[in-house]
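Residue numbering for the sequence shown follows our numbering, starting at 1232 and increasing by one per position.
Note that CB positions come from ideal geometry on N, CA and C, so glycine has one too.
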Amino acid sequence: MTCDTLIVGAGSAGNILAARLTEDASREVMLLEAGPDYPTGDSLPEDIRLGFGTSSGIIAKSHDWGFDGRATPIRVDMPVPRGRVVGGSSAVNAQIFLRGIPEDFAAWAAMGNDRWRFEQVLPYYCKLENDHDFGRAEYHGEDGPIGVRRYPKEEWGPDQLAWADACRQAGFPECPDANLPQSTGIGPFPLNNIDGVRQSTAVTYLAQARNRPNLRILSNCTTLRVLLERGRAVGVEAARDGKVEQYYADEIVLCAGGIGTPQILMLSGIGPAQHLREIGVEVSHDLPGVGENMRDHPTVNLRWALQFEPTDRFHWHQACLRYTADESDLTNDMIIYIAAVPEHADAIGAHLFVRPTLNLAVGQGKLRLRSAEAGDQPLLDYRYFEEPFDRARQREGIRLCTELVEEHAAFRSLCGDVLDGPGEAMDDDAALDSWILANADTGHHTSSTCKMGPASDRLAVADQSGRVHGIDGLRVVDASLMPDSVRANINATVMMMAEKIAAEMAGKAEVS
Ligand SMILES: Cc1cc2nc3c(=O)[nH]c(=O)nc-3n(C[C@H](O)[C@H](O)[C@H](O)COP(=O)(O)OP(=O)(O)OC[C@H]3O[C@@H](n4cnc5c(N)ncnc54)[C@H](O)[C@@H]3O)c2cc1C
1232 MTCDTLIVGA
1242 GSAGNILAAR
1252 LTEDASREVM
1262 LLEAGPDYPT
1272 GDSLPEDIRL
1282 GFGTSSGIIA
1292 KSHDWGFDGR
1302 ATPIRVDMPV
1312 PRGRVVGGSS
1322 AVNAQIFLRG
1332 IPEDFAAWAA
1342 MGNDRWRFEQ
1352 VLPYYCKLEN
1362 DHDFGRAEYH
1372 GEDGPIGVRR
1382 YPKEEWGPDQ
1392 LAWADACRQA
1402 GFPECPDANL
1412 PQSTGIGPFP
1422 LNNIDGVRQS
1432 TAVTYLAQAR
1442 NRPNLRILSN
1452 CTTLRVLLER
1462 GRAVGVEAAR
1472 DGKVEQYYAD
1482 EIVLCAGGIG
1492 TPQILMLSGI
1502 GPAQHLREIG
1512 VEVSHDLPGV
1522 GENMRDHPTV
1532 NLRWALQFEP
1542 TDRFHWHQAC
1552 LRYTADESDL
1562 TNDMIIYIAA
1572 VPEHADAIGA
1582 HLFVRPTLNL
1592 AVGQGKLRLR
1602 SAEAGDQPLL
1612 DYRYFEEPFD
1622 RARQREGIRL
1632 CTELVEEHAA
1642 FRSLCGDVLD
1652 GPGEAMDDDA
1662 ALDSWILANA
1672 DTGHHTSSTC
1682 KMGPASDRLA
1692 VADQSGRVHG
1702 IDGLRVVDAS
1712 LMPDSVRANI
1722 NATVMMMAEK
1732 IAAEMAGKAE
1742 VS
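And the structure:
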């Protein structure tokens, strides 16, 4: 089978590329996805359709790759969920819809990506959204496929109101729109969830495009490797219904995510040569950066018993606190999530759950293959909190959360004993560090494993348009392409990147 553009992975990025590229009726596009497809609203299972926080919003095993990662040397078996379904992780995620801030993109530009400054990406953030609260405004859009709204305060739970109150009293500024470039402080989370329905790229972008005659969607179809001929990608080999088949195209675009894309590249012989030889993969092209530079938003979970039974709401997180850590010059480098979890949603029963999270860690991990078998999980070594600066900011975050919850009057009638926390380790930096390393958890934002950058950077895997260095006809467009994470949950940024590169590929934007 052959086509003009073959996209691997129908997730946040892949579905946007498929939808935008097929606007040109003369371009034949194939979209290959390892997971199942639910083509109509009625056929969507509840875990995919409903928001995070409802009991049925927890990811079904059949829609999850179920990776395991090594968080730190003493937390070696951390579950790392990833969507395996048409919609990808956008179909299983928590729908927090925050944008990166101007400083993030200044950093990307400083790494040699001068077409990714904030003013160059802002039009694509606006293009993809339909902001129900702010509509078309200087920094917003209302014509995009992704619906976004915030809970009005009248609908906030008592835990969220108490949190906002505690934050304001502690001096954090009010933040009505966390997607404004200079915003910080406490305010409502923007959520891509409308009337309880998760706005994945499957029910938005792909739904609008899936009946086009020039788009072919192959679900339950797992790409094993890219086929190369004389330095050019010509197709992929994929397994479907127990058979291995070849699919050919003029251009291959890998959109398999921060874990899937570097895995496919390495299985195709594109990656760090020495590692590939060690595990028995024939080297086609030595690209040392594949699997390096792995980023996430590391976190820990603190829990208190609850003295009230929270109601089921479509989203647990309503109030968002972003702030800059003491002695940090990285604006908004911390974010805190807080939620009253209902009895039925967790084995430990109803509790208050608080996650102080590094919104921009300086530490980085790496991804490697376990073997030359496509079915084997890759090794995910996150190396959270290895850097002293990351540990210092996390210690401060834990102490801040504890102070706000335990000392603020509004929480007194809501919360009881600590269920999970550092206890006596709180007052001793070294002991608290040990607790952090033992309890480190993923922020679910794995990225940057195939970073973009100039060919002169030996760890850059692709150029600013996602074209893989040294291989013709092959692009990467997904979370793996980010040169560093952004100070925000990354879904909106991945979508923005797909919109921007799709516009370039369609000849509707500048490419150099
Ligand atoms: C539990 C969870 C909660 C999250 N919450 C939020 C949140 O609230 N806000 C936010 O901004 N971000 C959140 N994220 C992160 C965000 O959803 C992802 O970073 C984003 O969706 C990544 O987009 P992507 O296109 O890079 O990859 P994905 O959307 O993961 O798409 C990759 C696709 O490729 C497919 N694939 C992989 N390998 C192959 C293969 N070999 N063959 C064929 N297909 C393949 C996958 O099945 C998947 O469909 C969350 C993620 C998770 C898992």
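Cβ-heavy atom distance, Ile-1279 to ligand 1, below 7 Å: Within the sequence shown, numbered from 1, the residue matching residue 1279 stands at position 48. Answer for Ile-1279: no, Cβ out of range of ligand 1.
Unbroken alpha helix (DSSP H) run spanning Asn-1722, endpoints: In the sequence shown, counting from the first residue as 1, residue 1722 sits at position 491. Residues 1722 to 1736.
Option nearest Pro-1270 by Cα separation, candidates Asn-1246, Arg-1258 and Glu-1259: To locate residue 1270, count along the sequence shown from 1; it is residue 39. If we check each option's Cα against that of Pro-1270, Asn-1246 comes out closest.
C-alpha gap between Gly-1701 and Gly-1462, whole angstroms: Position 470 of the sequence shown, counted from the start, is the residue given in the question as residue 1701. Position 231 of the sequence shown, counted from the start, is the residue given in the question as residue 1462. Whole-angstrom Cα-Cα distance: 7 Å.
Endpoints, the beta strand (DSSP E) within which Gln-1477 is located: For the purposes of this step, residue 1477 is taken as residue 246 along the sequence shown, with counting starting at 1. Element bounds for Gln-1477: 1474 to 1485.
From Pro-1383, Gly-1331 and Asp-1345, residue whose alpha carbon lies closest to that of Leu-1411: Within the sequence shown, numbered from 1, the residue matching residue 1411 stands at position 180. The option with the nearest alpha carbon to Leu-1411 is Gly-1331.
Reduced DSSP secondary structure (H/G/I, E/B, other) of Asp-1703: Stepping through the sequence shown from its first residue, residue 1703 is reached at position 472. Here Asp-1703 sits in strand by DSSP.
Ile-1483 to Gly-1378 span [Cα, whole Å]: On the sequence shown, position 252 is the one that residue 1483 refers to. On the sequence shown, position 147 is the one that residue 1378 refers to. Cα to Cα, Ile-1483 sits roughly 30 Å from Gly-1378.
Asn-1703 versus Asp-1517: straight-line alpha-carbon distance, rounded: Here residue 1703 corresponds to residue number 472 of the sequence shown, with the count starting at 1. Here residue 1517 corresponds to residue number 286 of the sequence shown, with the count starting at 1. According to the sequence displayed, residue 1703 carries Asp and not Asn. Roughly 14 Å separates the two Cα atoms.
Classification of Gln-1595 by the beta-carbon crowding that lies within 10 angstroms, buried from 16 upward: Against the sequence shown, residue 1595 aligns to sequence position 364. Buried, because 16 or more other Cβ atoms sit within 10 Å of the Cβ of Gln-1595.
Beta-carbon gap between Leu-1422 and His-1546 smaller than 8 Å: Translated into positions along the sequence shown, residue 1422 becomes position 191. Translated into positions along the sequence shown, residue 1546 becomes position 315. For Leu-1422 and His-1546, yes; Cβs fall inside 8 Å.
Test item: CB-CB of Glu-1334 and Thr-1562 under 8 Å: Residue mapping note: residue 1334 aligns to position 103 of the sequence shown, counting from 1. Residue mapping note: residue 1562 aligns to position 331 of the sequence shown, counting from 1. Result yes, Cβ atoms of Glu-1334 and Thr-1562 sit closer than 8 Å.
Limits of the alpha helix (DSSP H) - the one that Gly-1647 falls within: For the purposes of this step, residue 1647 is taken as residue 416 along the sequence shown, with counting starting at 1. Segment 1646 to 1651 is the beta strand (DSSP E) holding Gly-1647; no alpha helix (DSSP H) there.
Where Asn-1344 falls, given that 16 or more other Cβ within 10 Å makes a residue buried: For the purposes of this step, residue 1344 is identified with residue 113 of the sequence shown, where counting begins at 1. Asn-1344 should be labelled buried.
Short CB-CB distance (under 8 Å) between Arg-1526 and chain B: This model lacks chain B altogether, as it is built from one protein chain only.
Residue environment, Arg-1534, which counts as buried when at least 16 other CB atoms sit within 10 Å: Position 303 of the sequence shown, counted from the start, is the residue given in the question as residue 1534. Classification for Arg-1534: buried.
Any non-hydrogen atom of ligand 1 within 7 Å of Cys-1486 CB: Taking the first residue of the sequence shown as position 1, residue 1486 is located at position 255. Yes - ligand 1 has a heavy atom lying nearer than 7 Å to the Cβ of Cys-1486.
Sub-8 Å separation of Gly-1466 and Leu-1248 beta-carbons: Here residue 1466 refers to the residue found at position 235 of the sequence shown. Here residue 1248 refers to the residue found at position 17 of the sequence shown. Contact: no.
Closer than 7 Å: Gly-1466 CB and nearest ligand 1 heavy atom: Counting from 1 along the sequence shown, the entry for residue 1466 is found at position 235. Incorrect: Gly-1466 has no Cβ contact closer than 7 Å to ligand 1.
Pairwise C-alpha distance: Leu-1437 and Pro-1252: As a first step, residue 1252 must be located in the sequence shown, where it is residue number 21. As a first step, residue 1437 must be located in the sequence shown, where it is residue number 206. According to the sequence as given, residue 1252 is Leu; it is not Pro. Rounded to whole angstroms, Leu-1252 to Leu-1437 spans 11 Å at the Cα level.
Distance, Ser-1711 Cα to Ala-1691 Cα: Along the sequence shown, one-based indexing puts residue 1691 at 460. Along the sequence shown, one-based indexing puts residue 1711 at 480. Rounded to the nearest angstrom, the two C-alpha atoms are 11 Å apart.
Residue burial classification, Gly-1318 (beta-carbon count within 10 angstroms, cutoff 16): By 1-based counting over the sequence shown, the position of residue 1318 is 87. The residue in question, Gly-1318, is buried, as its Cβ has 16 or more Cβ neighbours within 10 Å.
As assigned by DSSP and simplified to three states, the class of Leu-1458: Start at 1 with the first residue of the sequence shown, and residue 1458 comes out as number 227. If DSSP states are grouped into helix, strand and coil, Leu-1458 belongs with the strands.
Supposed close pair Gly-1502, Leu-1496 - CB separation, criterion 8 Å: Counted from its first residue, the sequence shown places residue 1502 at position 271. Counted from its first residue, the sequence shown places residue 1496 at position 265. Yes, they are in contact, since the Cβ atoms of Gly-1502 and Leu-1496 sit about 6 Å apart, within 8 Å.
Enclosing beta strand (DSSP E) for Asp-1396 [first to last residue]: The count along the sequence shown starts at 1 and reaches residue 1396 at position 165. Element bounds for Asp-1396: not the beta strand (DSSP E) but the alpha helix (DSSP H), 1389 to 1400.
Contiguous beta strand (DSSP E) assignments of at least 3 residues, all confined to the stretch 1500 to 1540: 1533 to 1537
Contact check, Ala-1641 vs Ala-1393, beta carbons under 8 Å: The residue labelled residue 1641 in the question sits at position 410 within the sequence shown. The residue labelled residue 1393 in the question sits at position 162 within the sequence shown. Yes, Cβ-Cβ distance for Ala-1641 and Ala-1393 is below 8 Å.
Asp-1472 beta carbon near ligand 1 (any heavy atom closer than 7 Å): As a first step, residue 1472 must be located in the sequence shown, where it is residue number 241. For ligand 1, not one heavy atom lies less than 7 Å from the Cβ of Asp-1472.
At least three beta-carbon pairs within less than 8 Å, the stretch 1384 to 1398 to the stretch 1547 to 1560: yes
Reduced DSSP category for Arg-1313 - H, G, I as helix; E, B as strand; rest coil: Within the sequence shown, numbered from 1, the residue matching residue 1313 stands at position 82. Residue state, collapsed to three classes: coil.
Thr-1453 versus Asn-1445: straight-line alpha-carbon distance, rounded: Looking up residue 1453 in the sequence shown gives position 222. Looking up residue 1445 in the sequence shown gives position 214. Rounded to the nearest angstrom, the two C-alpha atoms are 21 Å apart.
Spatial neighbours of Val-1593 in its chain, beta-carbon cut-off 7 Å, leaving aside the 5 residues before and after: Stepping through the sequence shown from its first residue, residue 1593 is reached at position 362. Here the set comprises Glu-1618, Phe-1620 and Asp-1621.
Three-state secondary structure assigned by DSSP to Thr-1492: Locating residue 1492 in the sequence shown gives position 261, where the first residue counts as 1. Looking at Thr-1492 - three-state DSSP - the assignment turns out to be helix.
Enclosing alpha helix (DSSP H) for Asp-1362 [first to last residue]: The residue you call residue 1362 lines up with position 131 of the sequence shown. First-last for Asp-1362: 1360 to 1362, but that is the beta strand (DSSP E), not the alpha helix (DSSP H).
Beta-carbon gap between Val-1316 and His-1294 smaller than 8 Å: Numbered from 1 along the sequence shown, position 85 holds the residue referred to as residue 1316. Numbered from 1 along the sequence shown, position 63 holds the residue referred to as residue 1294. Contact: yes.
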